[in-house]
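Asks: Every number in the working numbering is 227 more than the matching position in the first sequence, counting from 1.
We treat Cβ as the ideally placed atom computed from N, Cα and C, and that holds for glycine.
Structure incoming, see below.
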Amino acid sequence: MPELPEVETLRRGLEHHFSRRRIVDVEIIGSRTVRRHASEEVPQLLVGSTVSKCGRHGKYLIVFLDSGIRMVIHLRMTGRLEIVTPPFLGDIKHLHARFRLDDDRELLFFDPRTFGEIFISTTKDADQLPDELASLGPDPLSEDFTLEHLAKVCKKRNAAIKSLLLDQNMIAGIGNIYGDEICYEAGVLPTKRASQLTDGELAKLYKATGQILLKAVERKGSTLSDKKYLDITGSEGQYQKHHRVYAKVGTPCTCCGNLILRVKISGRSSYYCPYCQK
DNA sequence: AGAACATCCTGCTAGC
DNA sequence: TGCTAGCAGGATGTTC
228 MPELPEVETL RRGLEHHFSR RRIVDVEIIG SRTVRRHASE EVPQLLVGST VSKCGRHGKY
288 LIVFLDSGIR MVIHLRMTGR LEIVTPPFLG DIKHLHARFR LDDDRELLFF DPRTFGEIFI
348 STTKDADQLP DELASLGPDP LSEDFTLEHL AKVCKKRNAA IKSLLLDQNM IAGIGNIYGD
408 EICYEAGVLP TKRASQLTDG ELAKLYKATG QILLKAVERK GSTLSDKKYL DITGSEGQYQ
468 KHHRVYAKVG TPCTCCGNLI LRVKISGRSS YYCPYCQK
């Protein structure tokens, strides 16, 4: 499921294929994807506008339009964006939105589980983050994410560090895969209480967060066999080859050889090495 | 107020 | 072979 590295890979694809294009037609199929709006409202707001840039905050994609409004896209677990040249002959099952561009190509939004969402923000400050996303924590690849911020939010949380890493209002962009990989890289047990972390552990977690996410962006995200993430042109990510713990229960740790274990942390499967992580 | 759980949904898999 | 129960998970709303 798309987390920060996958969404950043999509953002780069959108920036390349979607920016400077004018939207000439919008078709919304079903009402669930645009649930904050009446379906017919979305084409009215978008058609005729030109995309000025494509941004991202955490797992949210933000398409800035020259009209001053922003289209926000969240893929949740199974949302997928694809740029195609019509006629599109692929499977249109689970197709929920179709944006036709002035170069005759189309941006398609698919989502089998329909958790994904598209909404339009018309709040002012057109260059800024939409008001709807104001409660999100800093994006870990931005300069707003500092060791001081991490230490501050950890100090007042008694829950497991893994839960805090997944809390989008604390840090925006980390999901279940990268949360486990970050804890492993930092040598910290995912079950460790956030408030109990030492300064040394906080520093390691902070460093690991940047390192793991940057490496994963370089490898264009993770594509797992059962959870089909694909980029905007239909290519797979490569970072799954570098996973050390995620979904590896029962296999030996690449560092010490002990078997990777699984534990549930607030309902989510978490994977860790009982020897390398303390 | 903070933490944990239920909910939305479909596709896949394990087990009979 | 075919059925079903169970699981997966991001964000939100609800409950304790």
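(1) Just tell me which of GLU230, CYS503, LYS505 has its CA closest to the CA of ASP366.
(2) Between the beta-carbon of VAL253 and the beta-carbon of LEU237, is there less than 8 Å?
(3) With DSSP as the reference, label PRO270 as helix, strand or coil.
(4) Taking the alpha-carbon of SER246 as reference, which of ILE256, PHE291, GLN465 has the nearest alpha-carbon?
(5) Please give the ranges of any alpha helix (DSSP H) in the region 398-444, keeping only runs that are unbroken, at least 4 residues long and fully inside the region.
(6) Taking ASP371 as the reference, which of MET397, ILE388, SER258, LEU328 has the closest Cα?
(7) Given ARG327, which residues of its chain have a CB within under 6 Å of its CB, disregarding the five upstream and five downstream residues?
(8) For the region 313-328 against the region 395-414, do three or more pairs of beta-carbon atoms, one drawn from each stretch, fall closer than 8 Å, so that the two count as touching?
(9) Less than 6 Å between C-beta atoms, sequence neighbours within five positions excluded: which residues of the same chain meet that for ILE388?
(10) The alpha helix (DSSP H) spanning LYS383 covers which residue range?
(11) Can you round the beta-carbon distance between LEU486 and THR478 to whole angstroms, since I take them to be within the 8 Å contact cut?
(12) Could you tell me the distance, in whole angstroms, from the CA atom of GLY494 to the CA atom of SER294?
(13) Tell me whether GLY240 sits in a helix, a strand or coil according to DSSP, three-state version.
(14) To the nearest angstrom, how far is the alpha carbon of ILE347 from that of GLU412?
(15) Output needed for THR436: all residues of its chain with C-beta closer than 7 Å, excluding positions within five of it in sequence on either side, in chain order.
(16) Do you know how far the Cα of LEU424 is from the Cα of SER497?
(17) Is DSSP giving ASP338 helix, strand or coil here?
(18) Kindly list the residues whose CB is nearer than 6 Å to the CB of SER258, restricted to its own chain and excluding five residues on each side of it in sequence; keep chain order.
(19) From this set, HIS244, HIS470, ILE296, which residue's C-alpha is nearest ASP358's C-alpha?
(20) Compare the beta carbon distance of ASP338 and THR450 with 8 Å and say whether it is the shorter of the two.
(21) Quick one, which of LYS379, ILE401, HIS243, ASP426 has its alpha-carbon nearest GLN438's?
(22) Which residue marks the beginning of the alpha helix (DSSP H) containing LEU393, and which one marks its end?
(23) Counting along the chain, where does the beta strand (DSSP E) carrying LEU451 start and finish?
(24) For a test of the three-state rule: what should DSSP assign to VAL253, helix, strand or coil?
(25) Which of the three DSSP states, helix, strand or coil, is assigned to TYR473?
(26) In the DSSP output, which residue or residues are listed as bridge partners for VAL299?
(27) Quick check on the burial criterion: 16 or more other C-beta atoms within 10 angstroms. Buried or exposed for TYR502?
(28) In three-state terms, what does DSSP make of GLU230?
(29) Would you mind stating whether GLU235 and LYS280 have Cβ atoms separated by less than 8 Å?
Replies: In brief:
(1) GLU230
(2) no
(3) helix
(4) PHE291
(5) 403-413
(6) MET397
(7) VAL251, ASP252, GLU333
(8) no
(9) LYS419, ALA421
(10) Run containing LYS383: none; DSSP gives neither H nor E here.
(11) Right, the Cβ-Cβ distance comes to about 7 Å (below 8 Å), so this counts as a contact.
(12) 42 Å
(13) The answer is helix: DSSP assigns GLY240 an H, G or I state.
(14) 38 Å
(15) PRO367, ILE409
(16) 18 Å
(17) coil
(18) The answer, listed in chain order, is SER266.
(19) ILE296
(20) no
(21) ILE401
(22) 388-393
(23) Here LEU451 belongs to no beta strand (DSSP E), and DSSP marks it neither H nor E.
(24) Looking at VAL253 - three-state DSSP - the assignment turns out to be strand.
(25) coil
(26) Looking at the DSSP output, VAL299 shares a beta bridge with ILE289, PHE346.
(27) Exposure of TYR502 is indicated by the presence of fewer than 16 other C-beta atoms within 10 angstroms of its C-beta.
(28) coil
(29) no
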